[in-house]
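J.: This is the structure I want to talk about, given as structure tokens.
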């Protein structure tokens, strides 16, 4: 009897969507112009951006929008909510309980009503003349370096920071200027670490100028960069380490190359992307054709500072 009660308790408590979700959810609706919308029995006036409450249901959400004498209908399809998928954490039993509950559903949280094409978009599109400020964390970094008079060095590590500006000279094209500093530190999160013995550290600082093409929520960029790449061999005399194989050394080079990137917009400000930065022409400490590269997984935030 106790076993049956235990199983029943797990079954009832595992219906995440039915328990955690409210009967309604919020969506943020925006438009370039003042519009009136009707969602079910509720009416709203959208001046620029407004949050509206809608009922969770398995049926598509019908939004009737009016702008002056123009009326258009937008259809928003439902999707399963995060709490519905969270049932997998309780052995999937909650899927059975939630399968017929309308509280399992949600809708796209950000919605831009485009009257010109009668299409639905997640976010307000960029406009010519817009200026964005960018802050990003190129957190996962793969280095391939060829320090002068050394064997090839390669490693993957963590931590970096970028600041920059992006100017839209067309609605779907922009110029981006950024300054970055990255490393291959072996700990991905803030923590106190003790290092003993020989230790290699690779890092890079660089300036990039890119031309970027926007395709809805995707962007592709290409351009040039000027980089300073560093390789540092250190020795930490702690915890009785093995003697060093050579004297500590620091080598740095300066190079020109390309910058290629691609991003996907996940939120109003948040983007995730990949940066490939190959260098070909080394100018210091000597002038040579040398291939090196940096590949980074970048977490970027952008804020509009000028329309």
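In the numbering used here, the protein residues as written are 15 to 321.
Think of the CB as a built atom: it goes at the ideal place given N, C-alpha and C, for glycine as much as any other residue.
All of these numbers come straight from a predicted model, not from anything done at the bench.
#1: Roughly how many whole angstroms lie between the Cα atoms of residue 83 and residue 126?
#2: Between which two residues does the alpha helix (DSSP H) carrying residue 290 extend?
#3: Take residue 183 as the anchor and find which of 141, 259 and 299 has the nearest alpha-carbon.
#4: Taking all protein chains shown into account, decide if residue 301 is buried (16 or more other Cβ within 10 angstroms of its Cβ) or exposed.
#5: Leaving out five residues on either side along the sequence, give the residues of the same chain with a beta carbon under 7 Å from the beta carbon of residue 299.
#6: Give the secondary structure of residue 49 by DSSP, where H, G and I count as helix, E and B as strand, and everything else as coil.
#7: Can you find the residues in the same chain that come closer than 6 Å, C-beta to C-beta, to residue 304, ignoring five residues on each side of it along the sequence?
#8: Around the C-beta of residue 145, are 16 or more other C-beta atoms found within 10 angstroms, so that it is buried, or is it exposed?
#9: Name the DSSP beta bridge partners of residue 180, please?
#10: Please state whether the Cβ-Cβ distance between residue 325 and residue 313 is less than 8 Å.
#11: Between which residues of its own chain and residue 30 is the CB-CB distance below 6 Å, once the five residues before and five after are set aside?
#12: Under the DSSP definition of a beta bridge, which residues are partnered with residue 319?
#13: Taking only the alpha-carbon atoms, compute the straight-line gap between residue 214 and residue 247 and give it to the nearest angstrom.
#14: Does the Cβ-Cβ distance between residue 306 and residue 269 come in under 8 Å?
#15: Apart from the five residues just before and just after residue 265, which ones in its own chain have a Cβ nearer than 7 Å to its Cβ?
#16: Kindly list the residues whose CB is nearer than 7 Å to the CB of residue 255, restricted to its own chain and excluding five residues on each side of it in sequence; keep chain order.
#17: How far does the alpha helix (DSSP H) with residue 96 in it reach, from first residue to last?
#18: DSSP three-state call for residue 264: helix, strand or coil?
#19: Over the uninterrupted alpha helix (DSSP H) stretch that includes residue 108, give me the two end residues.
#20: Identify the continuous beta strand (DSSP E) that holds residue 43 and give its terminal residues.
#21: So the beta strand (DSSP E) residue 32 belongs to, where does it begin and stop?
#22: Would you check if the segment 109-126 and the segment 30-49 touch, i.e. whether three or more CB-CB distances between them fall below 8 Å?
#23: Within the continuous beta strand (DSSP E) that includes residue 166, where are the two ends?
#24: Given this structure, state the Cα-to-Cα distance separating residue 116 from residue 40, to the nearest angstrom.
T.: In short, the structure shows the following:
#1: Mapped onto the chain shown, residue 83 falls at position 69. Mapped onto the chain shown, residue 126 falls at position 112. Distance between the alpha carbons of residue 83 and residue 126: 20 Å.
#2: In the chain shown, residue 290 corresponds to position 276, counting from 1. That residue, residue 290, is in no alpha helix (DSSP H); its beta strand (DSSP E) goes 284-298.
#3: Within the chain shown, numbered from 1, the residue matching residue 183 stands at position 169. Ranking 141, 259 and 299 by Cα distance to residue 183 puts 141 first.
#4: Looking up residue 301 in the chain shown gives position 287. Exposed: under 16 other Cβ atoms inside 10 Å.
#5: To locate residue 299, count along the chain shown from 1; it is residue 285. So the qualifying residues of the chain are 162 and 267.
#6: For this step, residue 49 is matched to residue 35 along the chain shown. Correct three-state label for residue 49: strand.
#7: The sequence position of residue 304 within the chain shown is 290, counting from 1. Closer than 6 Å at Cβ, skipping near neighbours: 160 and 296.
#8: Here residue 145 refers to the residue found at position 131 of the chain shown. Classification of residue 145: exposed, given that the 10 Å Cβ count is below 16.
#9: Your numbering for residue 180 matches position 166 in the chain shown. Answer is 146 and 190, bridged to residue 180.
#10: The question about residue 325 has no answer, for the chain in this structure spans 15 to 321.
#11: Here residue 30 is taken as the residue at index 16 of the chain shown, counted from 1. In the same chain as residue 30, and ignoring 5 residues on each side of it, the C-beta atoms closer than 6 Å to its own belong to 97, 100, 101 and 108, in chain order.
#12: Taking the chain shown and counting its residues from 1, the one referred to as residue 319 is at position 305. Partner(s): none; residue 319 has no beta bridge.
#13: The residue you call residue 214 lines up with position 200 of the chain shown. The residue you call residue 247 lines up with position 233 of the chain shown. If you draw a straight line from the Cα of residue 214 to the Cα of residue 247, it comes to about 5 Å.
#14: As a working note, residue 306 is residue 292 in the chain shown. As a working note, residue 269 is residue 255 in the chain shown. Taking 8 Å as the Cβ cut-off, residue 306 and residue 269 qualify as a contacting pair.
#15: Taking the chain shown and counting its residues from 1, the one referred to as residue 265 is at position 251. Hits under 7 Å: 161, 162, 164 and 245.
#16: Position 241 of the chain shown holds residue 255. Excluding five sequence positions before and after residue 255, the CB atoms of its chain that fall closer than 7 Å to its own CB belong to 210 and 211, given in chain order.
#17: Residue 96 sits at position 82 when you count from the first residue of the chain shown. Note, residue 96: alpha helix (DSSP H), 96-99.
#18: Residue mapping note: residue 264 aligns to position 250 of the chain shown, counting from 1. The answer is strand: DSSP assigns residue 264 an E or B state.
#19: Reading the chain shown from its first residue, position 94 is the one you call residue 108. In the DSSP assignment, residue 108 falls within the alpha helix (DSSP H) that extends over 107-112.
#20: Residue mapping note: residue 43 aligns to position 29 of the chain shown, counting from 1. Segment 38-44, the beta strand (DSSP E) holding residue 43.
#21: Working through the chain shown from its first residue, we reach residue 32 at position 18. Counting along the chain, residue 32 falls outside any beta strand (DSSP E), though it belongs to the alpha helix (DSSP H) covering 30-34.
#22: Short answer: they touch.
#23: Working through the chain shown from its first residue, we reach residue 166 at position 152. Neither: residue 166 is in no beta strand (DSSP E) and is coded neither H nor E.
#24: If you number the chain shown from 1, residue 116 lands on position 102. If you number the chain shown from 1, residue 40 lands on position 26. The alpha-carbon atoms of residue 116 and residue 40 are separated by roughly 15 Å.
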